[in-house]
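In what follows, a single structure is set out as structure tokens and then discussed.
Residue numbers (our numbering), protein chains in the order written: chain R, 1 to 194; chain C, 1001 to 1121.
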């Protein structure tokens, strides 16, 4: 429809250009002239409407994209929250297991700390690779790995408290930072309170 | 213990395992393998994460069960980084094969399977 109106407007302009009549008011306008004028008005209105529609479509697409980003971000933060809570659980359990001289349980917690810590570090690095917590956790993961060796070497016959002392110390250091990070995530896991 | 001596030790373990001169037994549900010498000393090669994969560590115990030394995988990740890691990896696989009889089982399986009649070309 807009193309037809534009064509009619073009025809009118050509007629006016090649016509001897310079002053349109001197001669009565024919029905063809009126049609052309109406076409010009319609064309301008149509172009304006198209511009407005395009602008709205861009806004809608942009809004949809932002909504998807917010949802993904919220999901990632929820996953991180779960993993951080898992680390806190290890921090809570390790002293109990060591105190009970539970060698097998302690070994399991060491593995859990390593595996969960790896996932946490990956998630933190995606948000901010310079996050200080990453270095702390990576250090404690290495300590966990070496502590596993110590436990295996002791064959259940050593002092479990002494063997795990360094690891438990590093876990406590990480735990201090975890408290703060968990609070931040709970307050703003994508914009709403948990 | 110097690294050279460690290499000598592991090389000897690899050689004697390959020629079936030592007997490895399965420990810790198949993620560690141990051999015992005539004097009662024990050598154990262990998958640190209990999953059969690296890192692998080598433990040496005296006749009373006391740990003498441990040869550690150089990192806490699966990738071998230094020559010692590669030797530990090889020793673990050889010990696993010897303890579980994997090669023998495969040989028996091959003997059981019928010959393939089809010639592809």
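We put the CB at the ideal spot given by N, CA and C, even for glycine.
Contact between the segment 1055–1062 of chain C and the segment 1079–1090 of chain C is present: 3 or more CB-CB pairs across the two stretches fall below 8 angstroms.
Using a CB distance below 9 angstroms, the part of the segment 124–157 of chain R facing chain C consists of 141, 142, 144, 145, 146, 148, 149, 150, 152, 153, 154, 155, 157, ordered along the chain. Within chain C, the C-beta atoms nearer than 8 angstroms to that of residue 111 of chain R come from 1049, 1050, in chain order. Using a CB distance cut-off of 7 angstroms, residue 1046 of chain C counts as an interface residue toward chain R. In the three-state reduction of the DSSP assignment, residue 1032 of chain C falls in the strand class.
In terms of beta-carbon proximity, residue 1070 of chain C lines the interface with chain R, with at least one pair separated by less than 7 angstroms.
Residue 123 of chain R sits away from residue 134 of chain R, with the two beta carbons spaced by 7 angstroms or more. C-alpha of residue 1012 of chain C to C-alpha of residue 1065 of chain C: approximately 22 angstroms in a straight line.
Under a criterion of Cβ atoms nearer than 7 angstroms, the residues of chain R adjacent to residue 1059 of chain C are, in order, 152, 153. Here DSSP, grouped into helix, strand and coil, assigns residue 1025 of chain C to strand. For residue 1004 of chain C and residue 1049 of chain C, the gap between their C-alpha atoms comes out near 27 angstroms.
In the same chain as residue 1063 of chain C, and ignoring 5 residues on each side of it, the C-beta atoms closer than 8 angstroms to its own belong to 1039, 1040, 1041, in chain order.
The segment 137–148 of chain R and the segment 91–111 of chain R touch, with no fewer than 3 CB-CB distances between them shorter than 8 angstroms. Just so you know, the alpha carbons of residue 1015 of chain C and residue 1044 of chain C end up roughly 16 angstroms apart. One Cα belongs to residue 89 of chain R, the other to residue 58 of chain R, and the distance between them is close to 47 angstroms. Judged by DSSP in its simplified three-state form, residue 32 of chain R adopts helix. For residue 104 of chain R, the closest of R/76, R/150, R/136 by C-alpha to C-alpha distance is R/150. Listed in chain order, the non-local C-beta contacts of residue 177 of chain R below 7 angstroms within the same chain comprise 133, 136, local neighbours out to five positions each way being set aside.
If you check the CB distance, residue 8 of chain R and residue 48 of chain R do not come in under 7 angstroms.
A direct Cα-Cα distance of roughly 34 angstroms separates residue 1089 of chain C from residue 1115 of chain C.
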